[in-house]
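Q: Before anything else, here's the structure in question.
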Amino acid sequence: MVCLLAWLDHLFCLRFLLCMLCHELGHLLALKLCRVRVERIRLTAAGAVIGTSCLSYKTELLCAAAGPLAGIVLGLSLIRVLPQTAVVSFLLSLVNLLPVFPLDGGRLLRAGLSLCCTEKNVTATMRIVTAIVCSVLMLLACWGAVCLQMGLWPIFAALVLLCRVADRE
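Take the sequence shown: its position 9, counted from the start at 1, is 8 in numbering that gives the first Met the number 0, and no numbers get skipped.
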């Protein structure tokens, strides 16, 4: 995905990588503050994956929220001097807050539900929410491609997200 971004626009690719780095550093800082050992960091086409030991649900909530929060803080700090980078940071945080696993929003939802529900109910709720969110995203992507004449990139972006979600189920 980064290669595609670099092919399209080098400056946008750099902005995206800066925002992604800030996002991941937010997760790493929270993990460090919670004294969680990071076992591995893996970069994939869909983003970074930080491997840790098992986390409590409360620690998972804090660490999952830290990445989007870091992106929002970065966006707010850059809004006047680098507004385009700020927008990229806000959008990256927004996408990561979608309530589908393995995105941060899905981790937040799963950890929050796990604090008060049985594993069976958590799994069922996550499947329903994921199906609804992914269906709405695909419909919006098709609408954007056809009605707003945005080309096929919204559909491509939705498919990348769907593949990432399907890969984790």
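Cβ atoms here follow ideal geometry from the backbone N, Cα and C, with glycine treated the same way.
Assuming G104 and A65 make a contact with CB atoms under 8 Å, what is their CB distance in whole Å?
A: For the purposes of this step, residue 104 is taken as residue 105 along the sequence shown, with counting starting at 1. For the purposes of this step, residue 65 is taken as residue 66 along the sequence shown, with counting starting at 1. With 8 Å as the limit, G104 and A65 do not qualify as a contact, their Cβ atoms being about 13 Å apart.
Q: Measuring straight from C-alpha to C-alpha, what distance separates E38 and T51?
A: For the purposes of this step, residue 38 is taken as the residue at position 39 of the sequence shown. For the purposes of this step, residue 51 is taken as the residue at position 52 of the sequence shown. If you take the alpha carbons of E38 and T51, they lie about 5 Å apart.
Q: Hey, out of L27, R34, L32, C33, whose CA is closest to I40's CA?
A: In the sequence shown, counting from the first residue as 1, residue 40 sits at position 41. Of the candidates L27, R34, L32, C33, the one whose C-alpha sits nearest the C-alpha of I40 is L27.
Q: For the stretch 56-70 against the stretch 115-125, are there 3 or more C-beta pairs whose distance is under 8 Å?
A: Verdict: no, contact absent.
Q: Less than 8 Å between the C-beta atoms of L107 and A47, yes or no?
A: Here residue 107 refers to the residue found at position 108 when the sequence shown is read from its first residue. Here residue 47 refers to the residue found at position 48 when the sequence shown is read from its first residue. Not in contact: L107 and A47 (Cβ atoms no closer than 8 Å).
Q: Starting from the C-beta of V80, find all residues in its chain whose C-beta is less than 6 Å away, skip the five residues before and the five after it, and write them out in chain order.
A: In the sequence shown, counting from the first residue as 1, residue 80 sits at position 81. Excluding residues within five positions, none has a Cβ falling inside 6 Å.
Q: Can you tell me whether M240 is buried or exposed, with buried defined as 16 or more other CB within 10 angstroms of its CB?
A: The structure shown does not extend to residue 240, since the chain is modelled only from 0 through 168, so no value can be given for it.
Q: For a test of the three-state rule: what should DSSP assign to R106, helix, strand or coil?
A: Numbered from 1 along the sequence shown, position 107 holds the residue referred to as residue 106. Helix, per DSSP.
Q: Please classify V99: is it buried, with 16 or more other beta-carbons within 10 angstroms of its beta-carbon, or exposed?
A: As a first step, residue 99 is located in the sequence shown; it is residue number 100 there, counting from the start. V99 comes out buried.
Q: Determine the burial state of R34: buried for a count of at least 16 other Cβ atoms within 10 Å of its Cβ, exposed for fewer.
A: On the sequence shown, residue 34 is found 35 positions in, with the first residue counted as 1. So R34 ends up on the exposed side.
Q: Work out the CA separation of L54 and V94 for me, nearest whole Å.
A: Reading the sequence shown from its first residue, position 95 is the one you call residue 94. Reading the sequence shown from its first residue, position 55 is the one you call residue 54. Roughly 23 Å separates the two Cα atoms.
Q: Which value, in whole angstroms, describes the spacing of the CA atoms of R58 and V135?
A: The count along the sequence shown starts at 1 and reaches residue 58 at position 59. The count along the sequence shown starts at 1 and reaches residue 135 at position 136. The sequence as given places Thr at residue 58; Arg does not occur at that position. For T58 and V135, the distance between alpha carbons rounds to 30 Å.
Q: Could you work out which residue in L91, L75, L61 is closest to F15 when comparing CA atoms only?
A: To locate residue 15, count along the sequence shown from 1; it is residue 16. Residue L91 is the option with its Cα nearest to F15.
Q: Excluding the 5 residues preceding and the 5 following A140 in the sequence, name in chain order all residues of the same chain whose CB lies nearer than 6 Å to its CB.
A: In the sequence shown, residue 140 corresponds to position 141, counting from 1. Around A140: P153, I154, A157.
Q: Closest to V128 by CA distance: which of P101, C146, C115, L147 is it?
A: Walking along the sequence shown from the start, residue 128 turns up at place 129. That would be P101, whose Cα lies nearest to the Cα of V128.
Q: Using DSSP bridges, identify the partner residues of A47.
A: In the sequence shown, counting from the first residue as 1, residue 47 sits at position 48. The partner list for A47 (beta bridge, DSSP) reads L42.
Q: Please work out which residues of its chain come closer than 7 Å, Cβ to Cβ, to R109, disregarding the five sequence neighbours upstream and downstream, and give them in chain order.
A: By one-based count along the sequence shown, residue 109 stands at place 110. Only F100, V121, M125 meet the Cβ criterion.
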